[in-house]
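Undergrad: Residues 1 to 416, numbered by this note's numbering, are exactly what the sequence shown covers, in order.
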Amino acid sequence: MVKRKAEVEAILKKYGQEHLLNNFDKLDEAHKEKLLDEIENIDFELIQSLYESTNKKHKREDDKIEPMEYLDKYKLNEKYKYYENIGKKAIKEGKLAAVTMAGGQGTRLGHDGPKGTFDIGLDSHKSLFELLCDSLKEEGKKYGVTIPWFIMTSRENNDDTIKFFEKNKYFGYQKDKNIFFFVQGELPMIDTEGKIILNEEGLVKLAADGHGGIYESLVKSGMTYKMKSMGIEWVFIGGVDNCLVKMVDPVLMGIAIDKKVTVACKSVVKANPHEKVGVFCKKNGRPNVIEYSEITDEMAEATDDNGELLYGESHILCNLFSVEAIERMGANPLPYHVAFKKATYMDKNGEIVVPDSPNAYKFEAFLFDAFGVVDEMAILRVKREEEFAPVKNADSAGVDCPKTARELYKKFYHLD
Ligand code: UTP
1 MVKRKAEVEA ILKKYGQEHL LNNFDKLDEA HKEKLLDEIE NIDFELIQSL
51 YESTNKKHKR EDDKIEPMEY LDKYKLNEKY KYYENIGKKA IKEGKLAAVT
101 MAGGQGTRLG HDGPKGTFDI GLDSHKSLFE LLCDSLKEEG KKYGVTIPWF
151 IMTSRENNDD TIKFFEKNKY FGYQKDKNIF FFVQGELPMI DTEGKIILNE
201 EGLVKLAADG HGGIYESLVK SGMTYKMKSM GIEWVFIGGV DNCLVKMVDP
251 VLMGIAIDKK VTVACKSVVK ANPHEKVGVF CKKNGRPNVI EYSEITDEMA
301 EATDDNGELL YGESHILCNL FSVEAIERMG ANPLPYHVAF KKATYMDKNG
351 EIVVPDSPNA YKFEAFLFDA FGVVDEMAIL RVKREEEFAP VKNADSAGVD
401 CPKTARELYK KFYHLD
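#1: Would you call the stretch 231-242 and the stretch 345-354 in contact, with 3 or more CB pairs under 8 angstroms?
#2: List, from N- to C-terminal side, the alpha helix (DSSP H) runs of 4 residues or more that fit wholly inside the stretch 51-112.
#3: Run the proximity test for GLY103: is its beta-carbon closer than 7 angstroms to any non-hydrogen atom belonging to the ligand UTP?
#4: Going by beta carbon distance, what residues of the same chain come within less than 6 angstroms of ASN23, once the five residues before and after it are set aside?
#5: If you run the structure through DSSP and keep just helix, strand and coil, what is ARG155?
#6: What is the DSSP secondary structure of SER396, reduced to helix, strand or coil?
#7: Would you mind working out which of ASP37, ARG384 and ASP43 sits nearest MET189, comparing C-alpha positions?
#8: Which residues does DSSP list as the beta-bridge partners of THR303?
#9: Hey, which unbroken runs of the beta strand (DSSP E) at 3 residues or more fall wholly within the stretch 329-393?
#10: Excluding five sequence neighbours on each side, which residues of the same chain lie with their C-beta closer than 7 angstroms to the C-beta of LYS195?
#11: Could you tell me which whole alpha helix (DSSP H) segments of length 4 or greater appear in the stretch 5-47?
#12: Does DSSP put ALA130 in a helix, in a strand, or in coil?
#13: Could you give the C-beta distance for ASN284 and ASP37, rounded to a whole number, given that I count them as a contact under 8 angstroms?
#14: Can you name the start and end residues of the beta strand (DSSP E) that GLY239 belongs to?
#15: So LEU71 and ILE316 are supposed to be a Cβ contact under 8 angstroms. How far apart are they, rounded?
#16: Going by the beta-carbon positions, is the gap between CYS265 and MET377 smaller than 8 angstroms?
#17: What did DSSP end up calling ILE120 once you bin it into helix, strand or coil?
#18: With H, G and I counted as helix, E and B as strand and the rest as coil, what does DSSP make of GLY267?
#19: Following the continuous beta strand (DSSP E) through GLU201, name the residue where it begins and the one where it ends.
#20: Do you know how far the Cα of PRO114 is from the Cα of LYS177?
#21: Looking at THR54: is its Cβ nearer than 8 angstroms to the Cβ of TYR361?
#22: Leaving aside the five residues before and after ASP191 along the sequence, list all residues of the same chain whose C-beta is less than 6 angstroms from its C-beta, in chain order.
#23: Give me the residue from LEU122, ALA271 and ASN319 with the minimum Cα distance to TYR413.
Right, here's the structure in full:
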């Protein structure tokens with residue numbers, strides 16, 4: 001241990017992070033080992049460049065942004081059946097799996113526990129996980145298959161998530177047969193001086209690396225390998241917090257297969273030109289999603305000859321990928337976006353500090369930043385009231401909250 005500690009000290013000195021061992025002697029043996037492990041696993045060069053990025057403004061003027069073509073699910077006419085039949089065949093052949101991203105912190109909702117365990121207040125009191133599973137089971141029945149379900153957790157919520165599933169007997173699924181859990185990656189949080197912070201236990205304060213971490217963690221955890229060995233070719237990836245998510249959509253799948261694209265995404269039309277959502281576009285000729293904060297009013301309001309918004313297709317985290325596309329995306333590092341957050345930490349005297357305003361940077365990759373890896377993708381516009389009922393905020397916010405999601409869910413399933 002002494003030799004190892006000396007080696008770690010040398011690394012820390014090189015990067016100006018010596019404070020990480022300030023409280024080392026107060027830790028028990030297991031924590032000492034763990035802290036050394038964590039430090040050895042940190043990519044300090046990356047942390048340094050991420051810190052530098054917190055001071056830089058992104059210059060976007062040079063990017064060429066153009067609208068992206070899309071298909072409207074309800075204007076496909078005779079093609080609807082054509083695509084649907086192609087998709088149905090592939091689903092019946094067991095080529096589709098679902099992935100639910102459930103590693104987020106759900107800070108806006110403020111629920112104590114993994115977001116998927118949240119009860120949106122239906123009479124059944126089903127959790128988000130159960131609502132998603134109900135829909136998977138119902139769809140699977142239609143095609144005579146069990147849709148394999150992969151769930152991404154974070155280190156923070158993995159144990160609670162698995163306990164919840166165990167308690168609920170995996171909602172009829174079987175662990176390691178058709179339901180699989182994998183843990184996403186993490187990055188250290190840093191303070192405004194670029195110093196990595198410690199958590200309440202005196203270990204490195206790590207935070208999930210964003211939903212963009214999905215590709216790398218699917219590959220690194222061996223899930224893509226498993227998928228291929230199960231004969232899975234297509235993977236629907238969605239969030240845990242959209243209680244109307246349709247993970248099994250033969251039309252979307254049929255389009256992807258027929259058009260020979262490796263990614264097909266669903267969109268809903270923007271509620272109004274200035275709705276705060278990311279929209280699909282082409283950036284420098286490649287598929288992308290542009291954030292609402294990054295387009296001008298003029299672009300946001302621009303319409304085509306039919307009066308449709310040119311940049312009106314919102315990205316709703318409902319995306320279908322070929323396994324091969326996931327592997328390619330997992331091999332390319334994504335850029336990280338920075339968020340300034342409140343983070344409880346242990347200071348250099350070993351005291352726990354609970355800040356009342358943001359004090360630390362968290363770095364997250366966004367799933368859609370990988371879209372540019374492929375040349376072409378298909379976009380399918382679906383109906384918001386059928387497929388998009390997100391639970392992001394507490395009810396007090398009045399939008400994208402349990403109340404709005406519950407109403408949409410009840411309306412769709414005629415529960416009143
Ligand atoms: P959001 O970006 O809405 O984040 O995630 P969130 O964690 O649910 O909520 P806030 O921002 O802290 O309030 C969209 C989807 O991506 C997943 C979430 O679980 C949700 O299903 N996600 C997000 C992850 O799986 N990992 C992450 O690191 C971030």
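Every residue gets a Cβ at the ideal spot worked out from N, C-alpha and C, and that includes glycine. Bear in mind the structure is a predicted one, so any value in this text is a computation, not a measurement.
TA: This is what the structure holds:
#1: By the Cβ rule, the stretch 231-242 does not count as touching the stretch 345-354, because fewer than three pairs are nearer than 8 angstroms.
#2: Runs found: 78-92.
#3: GLY103 Cβ: within cutoff of the ligand UTP.
#4: These residues qualify, in order along the chain: GLY202 and GLY350.
#5: In the three-state reduction of the DSSP assignment, ARG155 falls in the coil class.
#6: Here SER396 sits in helix by DSSP.
#7: Its Cα nearest to that of MET189, the residue ASP43 stands out among ASP37, ARG384 and ASP43.
#8: In the DSSP secondary-structure assignment, THR303 is bridged to LEU309.
#9: Here the runs fully enclosed are 337-341, 360-364 and 378-381.
#10: Answer for LYS195: GLN17 and HIS19, listed in chain order.
#11: Counting whole runs of 4 or more residues, the stretch 5-47 contains the alpha helix (DSSP H) stretches 29-41.
#12: For the sequence presented, residue 130 should be read as Glu rather than Ala. Correct three-state label for GLU130: helix.
#13: Their Cβ separation, rounded to whole angstroms, is 41 angstroms, which puts ASN284 and ASP37 out of contact at 8 angstroms.
#14: For GLY239, the enclosing beta strand (DSSP E) covers residues 234-239.
#15: Cβ-Cβ separation between LEU71 and ILE316: approximately 15 angstroms, too far for a contact (criterion under 8 angstroms).
#16: The Cβ atoms of CYS265 and MET377 lie closer than 8 angstroms to each other.
#17: Coil at ILE120, not helix or strand.
#18: It should be noted that the sequence gives Ser, not Gly, for residue 267. Strand.
#19: Run containing GLU201: none; DSSP gives neither H nor E here.
#20: Cα to Cα, the separation comes out at about 23 angstroms.
#21: Annotated as proximal: THR54 and TYR361, with beta-carbon spacing under 8 angstroms.
#22: Within the same chain, Cβ atoms closer than 6 angstroms to the Cβ of ASP191 are found at ILE197 and ALA360, the five residues on either side in sequence being excluded.
#23: If we check each option's Cα against that of TYR413, LEU122 comes out closest.
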